[in-house]
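Read top to bottom, the protein sequences are chains V and Y.
Per this note's numbering: the first sequence = residues 61 to 174.
Per this note's numbering: the second sequence = residues 13 to 125.
Following: one structure in structure tokens, then a few remarks.
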Amino acid sequence: EDQVTQSPEALRLQEGESSSLNCSYTVSGLRGLFWYRQDPGKGPEFLFTLYSAGEEKEKERLKATLTKKESFLHITAPKPEDSATYLCAVQAWNSGGSNYKLTFGKGTLLTVNP
Amino acid sequence: NAGVTQTPKFQVLKTGQSMTLQCAQDMNHNSMYWYRQDPGMGLRLIYYSASEGTTDKGEVPNGYNVSRLNKREFSLRLESAAPSQTSVYFCASTPGQRNSPLHFGNGTRLTVT
Numbered sequence: 061e062d063q064v065t066q067s068p069e070a071l072r073l074q075e076g077e078s079s080s081l082n083c084s085y086t087v088s089g090l091r092g093l094f095w096y097r098q099d100p101g102k103g104p105e106f107l108f109t110l111y112s113a114g115e116e117k118e119k120e121r122l123k124a125t126l127t128k129k130e131s132f133l134h135i136t137a138p139k140p141e142d143s144a145t146y147l148c149a150v151q152a153w154n155s156g157g158s159n160y161k162l163t164f165g166k167g168t169l170l171t172v173n174p
Numbered sequence: 013n014a015g016v017t018q019t020p021k022f023q024v025l026k027t028g029q030s031m032t033l034q035c036a037q038d039m040n041h042n043s044m045y046w047y048r049q050d051p052g053m054g055l056r057l058i059y060y061s062a063s064e065g066t067t068d069k070g071e072v073p074n075g076y077n078v079s080r081l082n083k084r085e086f087s088l089r090l091e092s093a094a095p096s097q098t099s100v101y102f103c104a105s106t107p108g109q110r111n112s113p114l115h116f117g118n119g120t121r122l123t124v125t
């Protein structure tokens, strides 16, 4: 069974204080690892897809990295508007053709104080 | 540029009542999904539709039915609501190609008393 564990559950940072969120996964053949951002009362918003160990993706103050067992979401010099819940999800090769199923972690609630 | 639209945004039901959650996407996506999100549980897949005319069970299908009405619309029905179905329900869609990301609606918050 595919599993995704995110840590910490909650993280409070001061504006400008860089940190990382962790996503550990167990999957029978990783097809893709996804990062989403979710604001209160909203649906998840897609950030990144990572496919293989060693891959990195960047968007503004966010950088996602991937190893064979985990992914990190690095947040550099965060601002209050980066406050949100960050979700990690994995897709396995056995999830079937073009119709795929994601296994989601429970998320990390990030709060950035001004 | 609406994306994925869900109605209603909020709903309160009594145990045993039925209702249908509506979802429509305007991105010409092939695949559509229904998830529920509960505190401490993460997002869990209820049902999905790989393409118009097909539906399949996800991780937690019991107590739900779905209809892929056409390419744009995918509805979720609760025939006899139970308190355990109190949750936030999200509809999502994707083109269906490999690794294409899910696009989510903003959810329906359902309370069953």
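Where a beta carbon is used, it is the ideal one built from N, C-alpha and C, also for glycine.
Item checked: Contact set between residue 164(V) and chain Y, taken where Cβ atoms lie within less than 7 Å -> Within the first sequence, residue 164(V) is the residue found at index 104, counting from 1. Taking a Cβ-Cβ cut-off of 7 Å, the neighbours of residue 164(V) in chain Y comprise 54 and 55, given in sequence order.
Margin query: Residues of chain Y with CB closer than 7 Å to the CB of residue 104(V), please, in chain order.
Written below: Residue 104(V) sits at position 44 when you count from the first residue of the first sequence. Near residue 104(V) (Cβ distances below 7 Å), the residues of chain Y are 116.
Check: Which of the three DSSP states, helix, strand or coil, is assigned to residue 50(Y)?
Finding: Taking the second sequence and counting its residues from 1, one reaches residue 50(Y) at position 38. Note: residue 50(Y) maps to strand in three-state DSSP.
Checklist line | Residue-chain proximity (residue 119(V), chain Y), Cβ-Cβ < 7 Å | finding: In the first sequence, the residue the question calls residue 119(V) occupies position 59. No, its Cβ sits nowhere closer than 7 Å to a Cβ of chain Y.
Notebook entry, point to check: Between the Cα of residue 144(V) and the Cα atoms of 135(V), 62(V) and 152(V), which residue gives the shortest distance?
Noted result: Numbered from 1 along the first sequence, position 84 holds the residue referred to as residue 144(V). With distances taken between CA atoms, residue 144(V) lies nearest to 135(V) out of 135(V), 62(V) and 152(V).
Item checked: Buried versus exposed call for residue 97(V) [16 or more other C-beta atoms within 10 Å across all chains shown] -> Position 37 of the first sequence, counted from the first residue, corresponds to residue 97(V). Around the beta-carbon of residue 97(V), 16 or more other beta-carbon atoms lie within 10 Å, marking it buried.
Item checked: Test item: CB-CB of residue 63(V) and residue 83(V) under 7 Å -> In the first sequence, counting from the first residue as 1, residue 63(V) sits at position 3. In the first sequence, counting from the first residue as 1, residue 83(V) sits at position 23. Cβ atoms of residue 63(V) and residue 83(V): not closer than 7 Å.
Item checked: Assigned exposure category for residue 44(Y) - 16 Cβ within 10 Å defines buried -> Along the second sequence, one-based indexing puts residue 44(Y) at 32. It counts as buried.
Check: Under 7 Å between C-beta atoms, does residue 145(V) make it to chain Y?
Finding: The sequence position of residue 145(V) within the first sequence is 85, counting from 1. Under the Cβ criterion of 7 Å, residue 145(V) is not counted among the residues facing chain Y.
Notebook entry, point to check: Can you name the residues that DSSP bridges to residue 95(V)?
Noted result: For the purposes of this step, residue 95(V) is identified with residue 35 of the first sequence, where counting begins at 1. DSSP lists 108(V) and 148(V) as partners of residue 95(V).
Checklist line | CB contact below 7 Å: residue 119(Y) versus chain V | finding: Taking the first residue of the second sequence as 1, we reach residue 119(Y) at position 107. Interface with chain V (7 Å Cβ-Cβ cutoff): residue 119(Y) is included.
Notebook entry, point to check: Which residues, taken in chain order from the segment 68-93 of chain Y, show a beta carbon closer than 7 Å to some beta carbon of chain V?
Noted result: So the list reads 70, given in the order they occur along the chain.
Item checked: C-alpha distance - residue 166(V) paired with residue 146(V), whole-angstrom precision -> Sequence index remark: in the first sequence, residue 166(V) carries index 106 (1-based). Sequence index remark: in the first sequence, residue 146(V) carries index 86 (1-based). When rounded, the distance between both Cα atoms is 9 Å.
Item checked: Cα-Cα separation, residue 89(Y) to residue 99(V) -> Numbered from its first residue, the second sequence carries residue 89(Y) at position 77. Numbered from its first residue, the first sequence carries residue 99(V) at position 39. About 26 Å.
Check: Are the Cβ atoms of residue 125(V) and residue 116(V) separated by less than 7 Å?
Finding: Start at 1 with the first residue of the first sequence, and residue 125(V) comes out as number 65. Start at 1 with the first residue of the first sequence, and residue 116(V) comes out as number 56. Yes, these two residues count as a Cβ contact at 7 Å.
Note to self: Could you compute how far the alpha carbon of residue 102(V) sits from the alpha carbon of residue 116(Y)?
What the structure shows: The count along the first sequence starts at 1 and reaches residue 102(V) at position 42. The count along the second sequence starts at 1 and reaches residue 116(Y) at position 104. Residue 102(V) and residue 116(Y): Cα-Cα distance of roughly 9 Å.
Item checked: Beta-carbon proximity list for residue 69(V), same chain, < 6 Å, skipping 5 on both sides -> For this step, residue 69(V) is matched to residue 9 along the first sequence. Around residue 69(V): no qualifying Cβ.
Notebook entry, point to check: Any C-beta of chain Y sitting closer than 7 Å to the C-beta of residue 92(V)?
Noted result: As a first step, residue 92(V) must be located in the first sequence, where it is residue number 32. Yes - at least one Cβ of chain Y is within 7 Å of the one on residue 92(V).
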